[in-house]
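So the sequence shown is numbered by the UniProt record's numbering: it starts at 1 and just counts up by one.
Idealized CB from N, CA, C, for every residue including glycine.
In what follows, a single structure is set out as structure tokens and then discussed.
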Amino acid sequence: MTRAQEPVSDSKLHSGDRADAESRQENPWIEGLKTIGLSAVLALGIRHFVAEARYIPSGSMLPTLQINDRLIVDKLVYRFKEPQRGDIIVFSPTEALQRQNFKDAFIKRVIGLPGETIEVKGGRVYVNDRPLRESYIEDRPNYQYGPVTVPEDSYLVLGDNRNNSYDSHYWGFVPQDRIIGRAAVRFWPPNRLGGLDPQPLYPVTPSVTP
Numbered sequence: 001m002t003r004a005q006e007p008v009s010d011s012k013l014h015s016g017d018r019a020d021a022e023s024r025q026e027n028p029w030i031e032g033l034k035t036i037g038l039s040a041v042l043a044l045g046i047r048h049f050v051a052e053a054r055y056i057p058s059g060s061m062l063p064t065l066q067i068n069d070r071l072i073v074d075k076l077v078y079r080f081k082e083p084q085r086g087d088i089i090v091f092s093p094t095e096a097l098q099r100q101n102f103k104d105a106f107i108k109r110v111i112g113l114p115g116e117t118i119e120v121k122g123g124r125v126y127v128n129d130r131p132l133r134e135s136y137i138e139d140r141p142n143y144q145y146g147p148v149t150v151p152e153d154s155y156l157v158l159g160d161n162r163n164n165s166y167d168s169h170y171w172g173f174v175p176q177d178r179i180i181g182r183a184a185v186r187f188w189p190p191n192r193l194g195g196l197d198p199q200p201l202y203p204v205t206p207s208v209t210p
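This is the structure in structure tokens:
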């Protein structure tokens, strides 16, 4: 099996006094350097705290995400709410992955939430013994996994390309403190521009025979 790794104007105010008039005489090269420096600081701040761009180097999230897609990752969303089933998240390598010398971020879909029991069998994913509806996968998983219970403050993640994704069914769970953010928008290529809204993955409700 191929390990599919993913690892995504300043307005100057003039006071009108002499100091302000003198400042306008400053060398334009210095002004330019200041502007570049400020822009770089702002860009770094945005990337560190708010959002950042990522690209997709592998096919582990096919068909949802194509190789070389460019995404914006929302790094603020999980400061206000918990990850939800169906979210596509970007995360730093877990301890298990670090022991295998992985250093780049991964991107996968949240399937199991804390406290839930997950099992893969018969080509379907089960959450607490109830099968999930998954409209975004092309091929059903051809492996068996679990049952396992997701630990507190951790998540079970799988790639949409179920049979070619190096994910939780190989190396375990993702602690919440490893999550960088949620993949929110695809901005490249232009013909697939748009949001990456979480998929509603409600477990199938067993039919009741009257």
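Whether residue 196 touches residue 89 by CB criterion (8 Å): Position 196 of the sequence shown, counting from 1, holds the residue named residue 196. Position 89 of the sequence shown, counting from 1, holds the residue named residue 89. Contact: no.
Start-end ranges of the beta strand (DSSP E) lying completely within the UniProt domain "Peptidase S26" (30-188), minimum 3 residues: The beta strand (DSSP E) runs lying completely inside the UniProt domain "Peptidase S26" (30-188) and spanning 3 residues or more are 51-55, 70-74, 88-91, 106-112, 117-121, 124-127, 145-149, 154-158 and 179-188, given in chain order.
Which residue's Cα is closest to the Cα of residue 168: 76, 134 and 143? Indexing the sequence shown from 1 puts residue 168 at position 168. Of the listed residues, the one whose Cα sits closest to residue 168 is 143.
Am I right that residue 72 and residue 184 are in contact with their C-beta atoms under 8 Å? What's the rounded C-beta distance? Within the sequence shown, numbered from 1, the residue matching residue 72 stands at position 72. Within the sequence shown, numbered from 1, the residue matching residue 184 stands at position 184. Yes, residue 72 and residue 184 are in contact; Cβ-Cβ is about 5 Å, under 8 Å.
Which of the three DSSP states is assigned to residue 199 in this structure? In the sequence shown, counting from the first residue as 1, residue 199 sits at position 199. It is coil, neither helix nor strand.
Go ahead and label residue 105 buried or exposed: buried means 16 or more other beta carbons lie within 10 angstroms of its beta carbon, across all protein chains shown. Taking the first residue of the sequence shown as position 1, residue 105 is located at position 105. By the neighbour-count rule (16 or more Cβ atoms within 10 Å), residue 105 is buried.
Ordered along the chain, which non-local residues of its own chain (more than five positions away) have a Cβ less than 8 Å from that of residue 94? Numbered from 1 along the sequence shown, position 94 holds the residue referred to as residue 94. Excluding sequence neighbours, residue 94 sits near 171, 172, 173, 174, 175 and 178.
Excluding the five sequence neighbours on either side, which residues of its own chain have a C-beta within less than 8 Å of the C-beta of residue 194, listed in chain order? Stepping through the sequence shown from its first residue, residue 194 is reached at position 194. Taking C-beta separations shorter than 8 Å and ignoring five residues to either side along the sequence, the partners of residue 194 in its chain run 185 and 186, following chain order.
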